[in-house]
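Report on one structure; see the data block that follows.
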Amino acid sequence: MTVCDECGEAKDTVQIGDKNYCLDCLRKQEDSLKSAIEAGADKNSELEEVQDAIWILEES
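Residue numbers are given in our numbering: position 3 of the sequence shown equals residue 34, and the series is strictly consecutive.
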């Protein structure tokens, strides 16, 4: 268990870049990225990275 850099809670996390994210914060990021993509933003690679991290946490 480590501290999530987004919410500050000690939870199981996955590192993306230089930050650790818990499952709850990753899901929020996923929703934000999906909305940005629907609005025309080019965020597909970021969404894929977040979804991979979610999968890792769900499988552990």
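For glycine and all other residues, C-beta sits at the position ideal for the given N, C-alpha and C.
These numbers were taken from a predicted model, which means no experiment stands behind them.
1. With 8 Å set as the bound, which would you pick, yes or no: does the beta-carbon of Ala72 sit closer than that to a beta-carbon of chain D?
2. Using the beta-carbon count (16 or more within 10 Å), is Thr44 buried or exposed?
3. Which word fits Gln60, buried or exposed, when buried means at least 16 other C-beta atoms lie within 10 angstroms of its C-beta?
4. Hey, Cys53 and Lys65: beta-carbon distance below 8 Å or not?
5. Along the chain, where does the alpha helix (DSSP H) containing Cys56 start, and where does it finish?
Based on what the coordinates show:
1. The chain inventory of the structure shown lacks chain D, comprising one protein chain alone.
2. buried
3. buried
4. no
5. 54-69
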